[in-house]
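Participant: Dropping the structure in here first, questions after.
2 protein chains.
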Amino acid sequence: MAEIYRLDRIKEALQRMDPIRAIEEGFVAYSQGKVVVPPVGEMIFQKPPGDVHIKYGYILGDDYYVIKIASGFYENAKLGLPSNHGLMLLFKRQTGELSSILLDEGFLTDVRTAAAGAVAAKYLAPKNVRKIGILGAGVQGKIQLTFLKSVVACSDVMVWGINQKELDAYQEAMEPFGYAIQTTRNASEVASNCNLIVTATPSQKPLLLADDIQRGTHITAVGSDTPEKNELDPKILQRADIVVADSVQQCLSRGEIFQAIRAGVLKKERVRELGKVISQKKLQRISENQITVADLTGVAVQDIQISKAVYEALSS
Amino acid sequence: MAEIYRLDRIKEALQRMDPIRAIEEGFVAYSQGKVVVPPVGEMIFQKPPGDVHIKYGYILGDDYYVIKIASGFYENAKLGLPSNHGLMLLFKRQTGELSSILLDEGFLTDVRTAAAGAVAAKYLAPKNVRKIGILGAGVQGKIQLTFLKSVVACSDVMVWGINQKELDAYQEAMEPFGYAIQTTRNASEVASNCNLIVTATPSQKPLLLADDIQRGTHITAVGSDTPEKNELDPKILQRADIVVADSVQQCLSRGEIFQAIRAGVLKKERVRELGKVISQKKLQRISENQITVADLTGVAVQDIQISKAVYEALSS
Chain A
1 MAEIYRLDRI
11 KEALQRMDPI
21 RAIEEGFVAY
31 SQGKVVVPPV
41 GEMIFQKPPG
51 DVHIKYGYIL
61 GDDYYVIKIA
71 SGFYENAKLG
81 LPSNHGLMLL
91 FKRQTGELSS
101 ILLDEGFLTD
111 VRTAAAGAVA
121 AKYLAPKNVR
131 KIGILGAGVQ
141 GKIQLTFLKS
151 VVACSDVMVW
161 GINQKELDAY
171 QEAMEPFGYA
181 IQTTRNASEV
191 ASNCNLIVTA
201 TPSQKPLLLA
211 DDIQRGTHIT
221 AVGSDTPEKN
231 ELDPKILQRA
241 DIVVADSVQQ
251 CLSRGEIFQA
261 IRAGVLKKER
271 VRELGKVISQ
281 KKLQRISENQ
291 ITVADLTGVA
301 VQDIQISKAV
311 YEALSS
Chain B
1 MAEIYRLDRI
11 KEALQRMDPI
21 RAIEEGFVAY
31 SQGKVVVPPV
41 GEMIFQKPPG
51 DVHIKYGYIL
61 GDDYYVIKIA
71 SGFYENAKLG
81 LPSNHGLMLL
91 FKRQTGELSS
101 ILLDEGFLTD
111 VRTAAAGAVA
121 AKYLAPKNVR
131 KIGILGAGVQ
141 GKIQLTFLKS
151 VVACSDVMVW
161 GINQKELDAY
171 QEAMEPFGYA
181 IQTTRNASEV
191 ASNCNLIVTA
201 TPSQKPLLLA
211 DDIQRGTHIT
221 AVGSDTPEKN
231 ELDPKILQRA
241 DIVVADSVQQ
251 CLSRGEIFQA
261 IRAGVLKKER
271 VRELGKVISQ
281 KKLQRISENQ
291 ITVADLTGVA
301 VQDIQISKAV
311 YEALSS
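In order, the protein sequence lines correspond to chains A and B.
Just so you know, my numbering puts 87 at position 87 of the first sequence, and the rest follows in order with no gaps.
Just so you know, my numbering puts 49 at position 49 of the second sequence, and the rest follows in order with no gaps.
Shown next as structure tokens:
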């Protein structure tokens with residue numbers, strides 16, 4: 001009989017496990033060609049506007065295959081409902097039996113995205129992080145910061161957002177976690193103060209400019225997951241010593257790397273894949289002076305890994 | 001909060017509703033071009049062999065979209081497990097919220113297939129059915145017969161199967177429903193005795209031959225859902241007065257119609273779509289002397305309709 005878990009149980013299980021490790025192992029398997037991910041299923045609705053994505057796949061040799069269903073209906077706020085909904089399903093690879101339904105309401109997608117940010121910081125951030133910069137004061141801006149805790153020993157944070165109310169809410173929400181939070185509505189102030197920056201916005205025009213970025217900075221961009229979105233000036237990627245993609249193939253059609261290649265300032269050959277960076281020390285940051293960029297567009301192996309890891313924690 | 005229903009509750013709800021009507025309305029909507037069905041998602045496994053299909057879609061103007069996940073792992077019998085597993089998910093079209101999970105273990109796929117058989121018989125079978133013939137003594141061979149009850153007033157049945165043990169089990173299972181069941185291992189005996197025949201086998205070579213079929217017979221073929229499977233001699237479709245497909249488009253690439261077109265004995269233009277047959281009297285059987293064939297390969301609108309109808313019965 002399939003076990004069904006709701007969000008409260010899933011959140012509880014996350015306290016007892018290490019999602020960062022699960023995601024890290026997933027990226028390594030992905031870059032080794034061990035992950036089977038068929039084309040994403042999609043339904044696009046017009047009135048009211050919404051989209052549904054079905055992502056699924058498995059790691060060769062694994063005990064499970066995973067199907068994730070996620071939707072975004074952007075007028076839900078008018079009804080007082082969250083825009084994003086979702087669930088993840090685990091099935092036994094050998095028999096097709098349904099093992100578990102994780103009714104995570106989209107939360108595990110936030111978690112796996114934040115865990116990927118932590119993995120990028122672990123291998124690419126400078127040793128001495130003076131201040132963490134977060135662009136975007138929303139859900140992902142918050143969870144990215146909490147996941148950095150276990151990989152970066154720095155509690156000084158500057159957060160950028162588009163309105164002061166949102167920034168005040170961010171400060172109030174995150175200070176109890178032990179952070180000293182400064183707020184700003186000027187993104188270049190983040191660039192000049194912080195040497196580990198995470199961008200987590202749906203922006204369609206660059207928020208960070210190349211001339212603002214200091215030597216030695218690492219930037220993780222997680223906001224851009226479509227061909228239209230763009231958080232970083234393409235010249236940042238041109239100047240960067242190391243440019244990393246979660247999936248090289250996917251980053252050729254969306255995200256910051258796609259933008260920089262399209263602008264003619266980045267060659268595909270310069271892009272390193274995160275799974276290879278994790279497993280090969282020579283591909284990681286080698287000096288405190290380098291500029292590094294990780295472009296995380298979100299890959300199905302993250303969904304596979306987070307759902308397996310949560311299910312194992314829940315059922316053990 | 002999503003409502004989750006297990007198989008026992010689903011079976012109970014089916015007693016309180018009319019699945020045939022839901023399926024019939026679905027075919028009409030499909031033939032009117034009102035059903036949106038994106039390409040099927042698929043995973044194929046080698047060792048042990050198995051396949052997983054993700055079918056999804058919605059009817060324009062409807063309150064729900066539906067995602068069905070179904071698998072077949074053909075060595076499960078060795079483990080004492082059923083080969084087929086599955087579940088259906090209903091989401092609110094306006095918001096993406098998960099309304100219900102139907103943990104039907106593949107049962108609703110059997111039901112919607114049998115309900116389609118009943119719809120085909122309703123519009124195409126001769127008025128006077130002397131004896132019902134069933135090819136295939138498995139699950140689908142049984143459920144097809146039970147669904148014919150409400151559309152055909154005949155309780156004399158001849159069933160064909162590949163071994164006597166299976167046939168005896170069929171007889172024992174179905175006689176309590178009020179049927180007089182004869183068994184045979186000679187398919188041409190079914191053809192010469194029955195004027196309403198349902199084929200429900202995974203055969204890859206024709207079981208019924210054109211010369212065996214009597215005038216006035218209706219045949220519904222539900223077993224062939226891949227390009228390899230084939231239950232009917234293509235000449236049966238050549239000689240038939242009316243050839244009906246659940247989906248003309250789908251029957252061009254699989255099923256009995258595909259086989260007959262490939263054999264050069266049937267033209268696409270002769271094929272009528274079931275949804276149109278239902279809504280246009282002139283496309284239905286017009287004499288007791290006609291041979292009619294319905295080729296049912298299974299379409300997503302059946303999954304959409306059965307899950308909606310079951311959910312409505314469960315939640316009312």
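We put the CB at the ideal spot given by N, CA and C, even for glycine.
1) In the DSSP assignment, find the unbroken beta strand (DSSP E) run with A/Leu317 in it and report its ends.
2) Determine contact between the segment 127-141 of chain B and the segment 111-121 of chain A, defined as no fewer than three beta-carbon pairs at a distance below 8 Å.
3) Taking DSSP as the reference, what is the three-state secondary structure of B/Glu273?
4) Taking a cut of 9 Å between CB atoms, which residues from the segment 35-56 of chain B lie near chain A?
5) In angstroms with no decimal places, state the Cα-to-Cα distance between B/Ile143 and A/Gly96.
6) Taking its Cβ as the centre, do 16 or more other Cβ atoms sit within 10 Å of A/Leu60, making it buried, or is it exposed?
7) Assign A/Asp104 to buried or exposed, taking buried as 16 or more other Cβ atoms, counted over all protein chains shown, within 10 Å of its Cβ.
8) To the nearest angstrom, how far is it from the Cα of A/Lys205 to the Cα of B/Lys229?
9) How many whole angstroms separate the CB atoms of A/Leu232 and A/Val265, which I take to be in contact at a CB cut-off of 8 Å?
10) Check this for me: beta carbons of A/Arg93 and A/Tyr64, under 8 Å apart or not?
11) For the segment 271-282 of chain A against the segment 24-35 of chain A, do three or more pairs of beta-carbon atoms, one drawn from each stretch, fall closer than 8 Å, so that the two count as touching?
12) May I ask which residues mark the beginning and end of the beta strand (DSSP E) holding A/Val159?
13) Identify, in the order they occur along the chain, each residue of the same chain with its Cβ nearer than 7 Å to the Cβ of B/Phe186, setting aside the five sequence neighbours on each side.
14) In chain order, what residues of the segment 57-78 of chain B put their CB closer than 9 Å to some CB of chain A?
15) Threshold first: 4 residues or longer. Then list the alpha helix (DSSP H) segments lying entirely within the segment 228-270 of chain A, N to C.
16) Identify the continuous alpha helix (DSSP H) that holds B/Gln164 and give its terminal residues.
17) Rounded to whole angstroms, what's the CA-CA distance from B/Asp18 to A/Asp168? Just pull it up for me.
18) Check B/Ala191 in the structure and name its three-state DSSP category.
19) Compile a chain-ordered list of the residues in the segment 3-26 of chain A whose CB is closer than 9 Å to at least one CB of chain B.
20) Taking contact to mean 3 or more Cβ pairs, one atom from each stretch, closer than 8 Å, check whether the segment 10-25 of chain A and the segment 304-311 of chain A are in contact.
21) For the beta strand (DSSP E) containing A/Val152, list its first residue and its last residue.
22) With distances taken from CA atoms, which of A/Asn163, A/Glu189, A/Ser155, A/Thr183 is nearest A/Pro176?
23) Consider the Cβ of B/Gln94: report whether some Cβ of chain A lies at a distance smaller than 8 Å.
24) Hey, is the segment 33-53 of chain B in contact with the segment 299-307 of chain B, meaning 3+ C-beta pairs nearer than 8 Å?
25) With a CB to CB cut of under 6 Å and the five nearest residues on each side skipped, what residues in its chain are close to A/Glu256?
26) Can you find the residues in the same chain that come closer than 8 Å, C-beta to C-beta, to A/Pro82, ignoring five residues on each side of it along the sequence?
27) Determine the chain A residues that contact B/His85 at a beta-carbon separation under 7 Å, and present them in chain order.
28) How far does the beta strand (DSSP E) with B/Ser99 in it reach, from first residue to last?
29) Given a cut-off of 8 Å on the beta-carbon distance, is the pair A/Ser100 and A/Leu90 in contact?
30) Between A/Gln290, A/Lys78, A/Arg270, which has its C-alpha nearest A/Leu319's C-alpha?
31) Please identify the residue among A/Gln284, A/Ile134, A/Lys68, A/Asp246 whose C-alpha is closest to the C-alpha of A/Pro126.
32) What are the boundary residues of the alpha helix (DSSP H) that A/Gln302 is part of?
33) Can you find the residues in the same chain that come closer than 8 Å, C-beta to C-beta, to A/Leu7, ignoring five residues on each side of it along the sequence?
34) Whole angstroms is fine: what's the gap from B/Ile10's alpha carbon to B/His85's?
35) Does A/Met158 pass the burial test, meaning 16 or more other C-beta atoms within 10 Å, or should it be called exposed?
36) Would A/Glu42 be called buried (16 or more neighbouring beta carbons within 10 Å of its own) or exposed?
Facilitator: Let's see:
1) Chain A is shown from 1 up to 316; residue 317 of chain A falls before or after that span and cannot be answered.
2) no
3) strand
4) Val36, Pro38, Pro39, Val40, Gly41, Glu42, Met43, Phe45, Pro48, Gly50, Asp51, Val52, Ile54, Tyr56
5) 23 Å
6) exposed
7) buried
8) 54 Å
9) Not really, about 11 Å apart at Cβ, beyond 8 Å.
10) yes
11) yes
12) 156-160
13) The sequence as given places Asn at residue 186 of chain B; Phe does not occur at that position. Closer than 7 Å at the Cβ level, and outside the excluded window around B/Asn186, lies no residue.
14) Gly57, Tyr58, Tyr65, Ile67, Ile69, Ala70, Ser71, Gly72, Phe73, Glu75, Asn76
15) 234-239, 248-251, 255-262
16) 164-174
17) 56 Å
18) helix
19) Ile4, Arg6
20) yes
21) It is not in any beta strand (DSSP E) - A/Val152 carries neither H nor E in the DSSP assignment.
22) A/Ser155
23) yes
24) yes
25) Ala221, Ser224, Leu232, Asp295
26) Asn76, Glu105, Gly106
27) Gly96, Glu97, Leu98
28) 98-103
29) yes
30) A question about residue 319 of chain A goes unanswered here, because the residues of chain A that appear run from 1 up to 316.
31) A/Gln284
32) 300-315
33) Leu103, Asp104, Glu105, Phe107
34) 15 Å
35) buried
36) exposed
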